[in-house]
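In the order they appear, the protein sequences are chains E and L.
Heads up, the first sequence is in the working numbering, so the first residue is 864 and it goes up one at a time.
Heads up, the second sequence is in the working numbering, so the first residue is 799 and it goes up one at a time.
All residues carry an ideal CB built from backbone N, CA and C; glycine is no exception.
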Amino acid sequence: MRKGLIQATDGFERIVHWSLALSCIALCITGLGMMYQSFNFIGGLMGGLKSLKYVHNFTGVFFGVALYFTIRMWWKEAGIFSMPEDLEWIRCAGGYLWHVDNPPEVGKYNPGQKMFFLAVAGFGVIMFLTGLMMWFPLSFPPTIVRLMFVLHALGFVVIFAFFFVHLYLGTIGSPGSLDAMLTGWVSRAWLKKQHPKWLKEMEEHGTLIVYGEEKPAVKAHH
Amino acid sequence: MAEKTKLIDVSKCTGCRSCQLACKQWNQQPAKQTENYGTYQNPPDLQSNTWTLIRFQEIAEKDKVKWLFRKDGCMHCTNAACVKVCPSGALHYTDFGTVAVTNSLCIGCKECVSACPFNIPKYDRVTDKIYKCDLCLSRLEADLIPACAKACPTGAVTFGDKNAMIKKAYVRAKELGGDASVYGDKFVGGTHVIYVLQEKPRVYDSLPDKPSVPFSVIVWKDMLKPLALLAAGGVLAGSFLHYILHGPKLPDEPGKEEKGGE
Chain E
864 MRKGLIQATD
874 GFERIVHWSL
884 ALSCIALCIT
894 GLGMMYQSFN
904 FIGGLMGGLK
914 SLKYVHNFTG
924 VFFGVALYFT
934 IRMWWKEAGI
944 FSMPEDLEWI
954 RCAGGYLWHV
964 DNPPEVGKYN
974 PGQKMFFLAV
984 AGFGVIMFLT
994 GLMMWFPLSF
1004 PPTIVRLMFV
1014 LHALGFVVIF
1024 AFFFVHLYLG
1034 TIGSPGSLDA
1044 MLTGWVSRAW
1054 LKKQHPKWLK
1064 EMEEHGTLIV
1074 YGEEKPAVKA
1084 HH
Chain L
799 MAEKTKLIDV
809 SKCTGCRSCQ
819 LACKQWNQQP
829 AKQTENYGTY
839 QNPPDLQSNT
849 WTLIRFQEIA
859 EKDKVKWLFR
869 KDGCMHCTNA
879 ACVKVCPSGA
889 LHYTDFGTVA
899 VTNSLCIGCK
909 ECVSACPFNI
919 PKYDRVTDKI
929 YKCDLCLSRL
939 EADLIPACAK
949 ACPTGAVTFG
959 DKNAMIKKAY
969 VRAKELGGDA
979 SVYGDKFVGG
989 THVIYVLQEK
999 PRVYDSLPDK
1009 PSVPFSVIVW
1019 KDMLKPLALL
1029 AAGGVLAGSF
1039 LHYILHGPKL
1049 PDEPGKEEKG
1059 GE
């Protein structure tokens, strides 16, 4: 770690994030193996498609637990839009798509991140519940089970597409962002560019944790 | 190879259940003990080891009782919902136009159970697989007719080339007159098991009036499945274009930050 870096996430946040992320990726890959016959070979890596089914189902349970902690931890910060600044940000797409001179200052999460959180939280819950019913389809009427398959597939369309957006903007699309979820320590320049309002808030409240400096008396959040 | 069809003329059925027994015999399916609940229909429903079943129905008519016998089992659809949803290819079409199961490929997901408009595939907990009639594929491949058709003593179950059987069915339905009709050739792309029904279809127990591939299966398999790959591909292409045209969002270099915030 370098002196002057600022803590953006704590260990608990990162563990929850990666529990959700890795189980989500495992579910997408195993799900692909069952959704498309051309991806059946993925089952071969796990000793057959039947084993893949069990890997998918039990990873789904783990995903459900991770999702519970994710929502509990982030819904206040990332699940609620603050008007009117968020609307203003959405109107200019935060300056991500075309040149904007002064995009509105962003707090801990920008509206794009909030939308991603809401999509994952909402469809994640749908995926968990529909998946559970698809696991035991004989316990429900066929018309209900049929609807579950549609919702599960719809959830996949949304989450799978959003996953790549998240992957891009979490890595090469926004250099420096990955550190927030790897070590948790980010540069002041990155924070100033990405979340200036949050930086100011932390400075005002004295909750800013800078590496190498004495920790503030007030604990960061939660 | 020519498409084959099994014709079930319910007006000729005496409910002897020879077909049921012959099916069990050829496919080596043991019977399970069942309980008598006041009907000759036994077992009560299709099972993972009972692939065909005579359904017994009593219809009260004025001062007498009329029996209806219907041989139930897989209809071998041309557009089979079960084949559409099967993730592993265990359920597949054969050269005869019928729908067979490769049990070694079945993963026991039961997707076909809820997709089938005729409620045919049955799940077996012990083997964690589904089972259903394959129209005696092993016999067809050896140039034999299905066991049920072979065993039928009255000519209620017959088997032959698809077009010939459909023709035969319409001739018979006309001969019977009244409410008699042909059931099966008009929906799900045409089934490879067709009925000559004496009564209107809705009179018969567990027989859907207008069966179809469920709309949800079409949305799921024909729309959402390609959309998932298109959406993900679009995002990847969009991200690439974003990177090379708009460029990543970089933090300002130290010392060159704008004063007074952005």
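At least one CB of chain L closer than 9 Å to the CB of residue i: is that the case?
i	result
Phe979(E)	no
Val1073(E)	no
Gln900(E)	yes
Trp961(E)	yes
Ile1035(E)	yes
Ser1050(E)	yes
Tyr1031(E)	yes
Pro974(E)	no
Arg954(E)	no
Near residue i, what residues of its chain come up, given a Cβ to Cβ distance below 6 Å and the 5 sequence neighbours on each side ignored?
i	result
Lys960(L)	Glu801, Thr803
Cys814(L)	none
Lys998(L)	Asp977
Asn901(L)	Lys927
Quick one: does residue i have its CB under 9 Å from some CB of chain E?
i	result
Pro1061(L)	Here chain L has residues from 799 to 1060 only, and residue 1061(L) is not among them.
Leu1034(L)	yes
Tyr891(L)	no
Leu1005(L)	no
Asp870(L)	no
Asp807(L)	no
Ser936(L)	no
Gly887(L)	yes
Val883(L)	yes
Ala878(L)	no
Ala898(L)	no
Gly1058(L)	The predicted model places Gly1058(L) with a pLDDT of 43, which falls under 50 and marks its position as unreliable, so this point remains unresolved.
Specify, as a first and last residue, the run of the beta strand (DSSP E) that residue i falls within.
i	result
Leu844(L)	It is not in any beta strand (DSSP E) - Leu844(L) carries neither H nor E in the DSSP assignment.
Trp938(E)	Counting along the chain, Trp938(E) falls outside any beta strand (DSSP E), though it belongs to the alpha helix (DSSP H) covering 912-941.
Tyr993(L)	991-995
Trp865(L)	862-871
Gly958(L)	955-959
Leu942(L)	Note, Leu942(L): premise wrong, no beta strand (DSSP E); not H, not E.
Glu1064(E)	Not the beta strand (DSSP E): Glu1064(E) falls in the alpha helix (DSSP H), residues 1059-1068.
Asp807(L)	802-807
Asp922(L)	920-922
Val980(L)	979-981
Leu1048(L)	Careful: Leu1048(L) lies outside any beta strand (DSSP E) and carries neither H nor E.
Lys927(L)	927-929
Going by DSSP, what residue range makes up the alpha helix (DSSP H) through residue i?
i	result
Ala898(L)	First-last for Ala898(L): 897-899, but that is the beta strand (DSSP E), not the alpha helix (DSSP H).
Phe1019(E)	1005-1033
Lys822(L)	816-824
Ala1026(L)	1023-1039
Leu883(E)	874-898
Ala984(E)	974-998
Do residue j and residue i count as a contact pair if the criterion is CB distance below 9 Å?
i	j	result
Asp807(L)	Val955(L)	yes
Phe1012(E)	Met990(E)	no
Pro1000(E)	Val1008(E)	yes
Leu933(L)	His890(L)	no
Thr893(E)	Val918(E)	yes
Met866(E)	Tyr1074(E)	According to the sequence provided, residue 866(E) is Lys. The question's Met does not apply to it. Yes, they are a contact pair.
Ser886(L)	Ile905(L)	yes
Leu1005(L)	Tyr981(L)	yes
Met864(E)	Trp1053(E)	no
Ile918(L)	Cys950(L)	no
Thr892(L)	Leu851(L)	no
Glu1076(E)	Thr1070(E)	no
Thr812(L)	Thr925(L)	no
Ala889(E)	Leu1022(L)	no
Ser809(L)	Val994(L)	yes
Lys971(E)	Ala941(E)	yes
Keeping to the same chain, check which residues put their C-beta closer than 8 Å to that of residue i; ignore five residues upstream and five downstream.
i	result
Phe1023(E)	Cys891
Asn877(L)	Val986, Gly987, Val1011
Glu948(E)	Pro967, Glu968
Apart from the five residues just before and just after residue i, which ones in its own chain have a Cβ nearer than 7 Å to its Cβ?
i	result
Arg1051(E)	Gly867, Ile869
Ala1064(L)	Nothing in the structure corresponds to residue 1064(L), since chain L is present only between 799 and 1060.
Leu1014(E)	Ile989, Thr993
Leu1062(E)	Leu1054, Lys1055
Just checking residue i against the ligand ATP - is the residue's beta carbon closer than 8 Å to any of the ligand's heavy atoms?
i	result
Gly813(L)	The ligand ATP is not part of this structure, which contains no ligands at all.
Positions along the region 1009-1022 of chain L whose CB lies within less than 8 Å of some CB in chain E: Pro1012, Ser1014, Val1015, Val1017, Trp1018, Leu1022
Listed in chain order, which residues of the region 905-917 of chain L have Cβ atoms closer than 8 Å to some Cβ of chain E? Ile905, Gly906, Cys907, Lys908, Glu909, Val911, Ser912, Ala913, Asn917
Could you please tell me which residues of the region 1035-1051 of chain L, in chain order, have their CB closer than 8 Å to any CB of chain E? Ser1037, His1040, Tyr1041, His1044, Pro1046, Lys1047, Leu1048, Pro1049, Asp1050, Glu1051
Name, going along the chain, the residues of the region 919-935 of chain L whose beta-carbon falls closer than 7 Å to a beta-carbon of chain E. Tyr921
Give the residues from the region 830-861 of chain L that approach chain E closer than 8 Å (Cβ to any Cβ), ordered along the chain. none
Using a Cβ cut-off of 7 Å, which residues of the region 903-920 of chain E contact any Cβ in chain L, in chain order? Asn903, Leu912, Lys913, Lys916
Listed from N- to C-terminal order along the chain, which residues in the region 967-987 of chain L have their beta-carbon within a distance smaller than 9 Å of any beta-carbon of chain E? none
Output needed in chain order: residues of the region 1000-1018 of chain E with a Cβ under 9 Å from some Cβ in chain L. Pro1000, Leu1001, Phe1003, Pro1004, Pro1005, Thr1006, Ile1007, Val1008, Arg1009, Leu1010, Met1011, Phe1012, Val1013, His1015, Ala1016, Leu1017
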